[in-house]
Amino acid sequence: MMKFTQIDDENKWNAFIQASPGASILQGYEWGKVKSSSWKPFYTAVLDEDENILAAALILKRALPFVGRSIFYCPRGPIFKNQNSELISFLFTSISELAKKENAFVFRCDPEISENETEFVKNLRACGLRYNPENIQPRGTIILDVRPDADTLLKSFHHKTRYNIKLSEKKGVTIEEKNSQDGVDVFYKLFRITSERDKFLILQKSYFTHLWKTLSEKNMCSIFIACYDGKPLSAVFMTVFGKTMTYLYGASSNEYRNLMPNHLVHWHAIEWAKSRGVEYYDFWGIPSHPHEQHPLWGVYRFKKGFCETETNWIGTFELIFNSFWYVVFEKAAKWFKMGVRFLKTGKIKTSLEE
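Using this note's numbering, you'd call the opening residue of the sequence shown number 43 and step up by one each time.
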């Protein structure tokens, strides 16, 4: 006998998520806290008769102003102990009932399930979910297995990547772990430079401060900065959850790019991850259908230098509860986002589009 409930035990929640296939920090208990300033988190779960968790979904609710409606979003979830069709159906039926109580007109999710898992997609469609090509999280990624020794890992990299790592070291670039507010300050300064150079939108600095404070309390993040002659050149904001370290954000200066600080800072982060028993290094976002004209082509080539194997998740699926409000919201949100993006970056499309 299964039951749908909400979990307030942080340790029980994280223990299940971290031990399950498709575990992501975006389904961790702390991620609900990170997003709580603008989203209301619901830690929903399906339990068996012994109170063991069979499936879990951190659902973020955002209320729309003035209209009394809301949207549900489950980032990188739900998480299932097994892909049993009865369990999947029970969870989405229960989520639908919760959505009606909370006046949500749509539920969206993008679980870390491989696109090769066709049976899982069939189960989603059987529950009424449909595919939406406008991704919220990147659909493609590169995940490096960091369990081999350092020499074996280096040999597995592209020869140009190995060369650039050694060049950066030889030229005197140094790497510092700066897991502090000062680290956030340095990172964000470089992040603004990067956004201006590559023309993409970024969140306010207060968000990154909140993100760092929330995750650092549980030793779930760190910031690494590459410097030359005392000047910050590159920075990465890394998260650690379970067995995986994730390259969530990166930034770089316009100066001394010939010193290849980006290569060295990642190599240092990989060594740091290995020393703490992390098994996988997730490079996060790459195009799911890469081509030379794609805005992320340079990022794609850089990350491929560390690992040739690509992973594509199934993408975003959604369950619509009210078609009228869905259409109104989609049209309004689309034009608003396009307008803001064009005014700030000169671009209409986002790099996450297929």
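C-beta: ideal position from N, C-alpha, C; glycine also. Owing to the predicted nature of the structure, the values given are computational and were not obtained by experimental measurement.
Would you report the Cα separation of residue 45 and residue 88, rounded to the nearest angstrom? The count along the sequence shown starts at 1 and reaches residue 45 at position 3. The count along the sequence shown starts at 1 and reaches residue 88 at position 46. Cα-Cα distance, rounded: 6 Å.
Given 8 Å as the limit, tell me if residue 263 has its C-beta closer than that to any heavy atom belonging to the ligand GDP. The ligand GDP is absent from the structure shown, which contains no ligands of any kind.
Closer than 8 Å is the cut-off here; do at least three beta carbon pairs connect the stretch 306 to 325 with the stretch 80 to 96? no
With H, G and I counted as helix, E and B as strand and the rest as coil, what does DSSP make of residue 161? As a working note, residue 161 is residue 119 in the sequence shown. Here residue 161 sits in helix by DSSP.
Classification of residue 259 by the beta-carbon crowding that lies within 10 angstroms, buried from 16 upward: Along the sequence shown, read from residue 1 onward, the residue named residue 259 stands at position 217. Classification for residue 259: exposed.
Which same chain residues end up closer than 6 Å to residue 116 when comparing Cβ atoms and leaving out the 5 residues on each side of it in sequence? By 1-based counting over the sequence shown, the position of residue 116 is 74. Correct list, in chain order: 99, 101, 151.
Residue 56 versus 43, 95, 81, residue with shortest Cα-Cα distance: In the sequence shown, residue 56 corresponds to position 14, counting from 1. Of 43, 95, 81, the residue nearest in Cα terms is 95.
What is the C-beta distance between residue 133 and residue 120, in whole angstroms, given that I count them as a contact (C-beta under 8 Å)? For the purposes of this step, residue 133 is taken as the residue at position 91 of the sequence shown. For the purposes of this step, residue 120 is taken as the residue at position 78 of the sequence shown. The Cβ separation is near 6 Å, so the contact holds.
Residue(s) in a DSSP beta bridge with residue 274: In the sequence shown, residue 274 corresponds to position 232, counting from 1. Paired residues: 269.
Express the C-alpha separation of residue 58 and residue 420 in angstroms, rounding to a whole number. Because residue 420 is not part of the residues shown, which for the chain are 43 to 396, the question remains open.
Opening and closing residue of the alpha helix (DSSP H) in which residue 306 lies: Stepping through the sequence shown from its first residue, residue 306 is reached at position 264. 303 to 317 is the span of the alpha helix (DSSP H), which, as asked, contains residue 306.
Please report how far the alpha carbon of residue 292 lies from the alpha carbon of residue 327, in whole angstroms. Stepping through the sequence shown from its first residue, residue 292 is reached at position 250. Stepping through the sequence shown from its first residue, residue 327 is reached at position 285. If you take the alpha carbons of residue 292 and residue 327, they lie about 11 Å apart.
Would you mind sorting residue 158 into buried or exposed? The rule is 16 or more other CB atoms within 10 Å of its CB. Your numbering for residue 158 matches position 116 in the sequence shown. The residue is exposed, with fewer than 16 neighbouring Cβ atoms inside 10 Å.
Would you tell me roughly how many angstroms separate the C-alpha atoms of residue 266 and residue 174, rounded to the nearest one? Counting from one through the sequence shown, the residue named residue 266 turns up at place 224. Counting from one through the sequence shown, the residue named residue 174 turns up at place 132. Between residue 266 and residue 174, the C-alpha separation is close to 35 Å.
Outcome for residue 381 when other beta-carbon atoms lying within 10 angstroms are tallied against a minimum of 16: Walking along the sequence shown from the start, residue 381 turns up at place 339. Here the model assigns residue 381 a pLDDT of 44, short of 50, so the residue's position is not dependable and the matter cannot be decided.
What do you reckon, are the CB atoms on residue 161 and residue 114 nearer than 9 Å? Counted from its first residue, the sequence shown places residue 161 at position 119. Counted from its first residue, the sequence shown places residue 114 at position 72. Contact: no.
From 272, 261, 52, 197, pick the residue whose C-alpha is nearest to that of residue 228; which is it? The count along the sequence shown starts at 1 and reaches residue 228 at position 186. Among 272, 261, 52, 197, the Cα nearest to that of residue 228 belongs to 272.
Decide if residue 377 is buried, meaning its Cβ has at least 16 other Cβ atoms within 10 Å, or exposed. Working through the sequence shown from its first residue, we reach residue 377 at position 335. Residue placement at residue 377 is poorly supported in this model, since its pLDDT is 47, which falls under 50; the coordinates still yield a value, given next. Residue 377 should be labelled exposed.
Continuous beta strand (DSSP E) stretch holding residue 286: start and end: Locating residue 286 in the sequence shown gives position 244, counting from the first residue. Here the beta strand (DSSP E) through residue 286 covers 286 to 294.
Check whether residue 252 and residue 76 have beta carbons under 9 Å apart: The count along the sequence shown starts at 1 and reaches residue 252 at position 210. The count along the sequence shown starts at 1 and reaches residue 76 at position 34. Result yes, Cβ atoms of residue 252 and residue 76 sit closer than 9 Å.
By the 10 Å Cβ neighbour count, where 16 or more other Cβ atoms means buried, how is residue 181 classified, buried or exposed? Position 139 of the sequence shown holds residue 181. By the neighbour-count rule (16 or more Cβ atoms within 10 Å), residue 181 is buried.
Quick one: measure Cβ to Cβ for residue 323 and residue 287, integer angstroms, because I've assumed they're closer than 8 Å. By one-based count along the sequence shown, residue 323 stands at place 281. By one-based count along the sequence shown, residue 287 stands at place 245. Yes, they are in contact, since the Cβ atoms of residue 323 and residue 287 sit about 5 Å apart, within 8 Å.
Rounded to whole angstroms, what is the Cα-Cα separation between residue 325 and residue 186? The count along the sequence shown starts at 1 and reaches residue 325 at position 283. The count along the sequence shown starts at 1 and reaches residue 186 at position 144. If you take the alpha carbons of residue 325 and residue 186, they lie about 8 Å apart.
Residues in the same chain with beta-carbon distance under 7 Å from residue 329, minus the five sequence neighbours each way, listed in chain order, please. Numbered from 1 along the sequence shown, position 287 holds the residue referred to as residue 329. The answer, listed in chain order, is 182, 336, 338, 342.
Kindly identify the DSSP beta-bridge partner or partners of residue 88. As a working mapping, residue 88 is identified with position 46 in the sequence shown. For residue 88, which the question treats as bridged, DSSP gives the partners 46, 97.
Verify the CB distance criterion: does residue 331 have a CB-CB separation below 9 Å to chain B? Structure shown: chain B not included; a single protein chain is present.
If I measure Cβ to Cβ from residue 254 and keep anything under 7 Å in the same chain, skipping five residues before and after, which residues do I get? In the sequence shown, the residue the question calls residue 254 occupies position 212. Here the set comprises 226, 263.
I believe residue 301 touches residue 215 by the beta-carbon criterion, under 8 Å. Please report the beta-carbon distance rounded to the nearest angstrom. On the sequence shown, residue 301 is found 259 positions in, with the first residue counted as 1. On the sequence shown, residue 215 is found 173 positions in, with the first residue counted as 1. Correct: roughly 5 Å between the Cβ atoms.
DSSP bridge partner residues for residue 182 (one or two, in chain order): Indexing the sequence shown from 1 puts residue 182 at position 140. Note: residue 182 sits in a beta bridge opposite 328, 354.
Residue 148: first and last residue of the uninterrupted alpha helix (DSSP H) it sits in: Taking the first residue of the sequence shown as position 1, residue 148 is located at position 106. Per DSSP, residue 148 belongs to no alpha helix (DSSP H); it is in the beta strand (DSSP E), 146 to 151.
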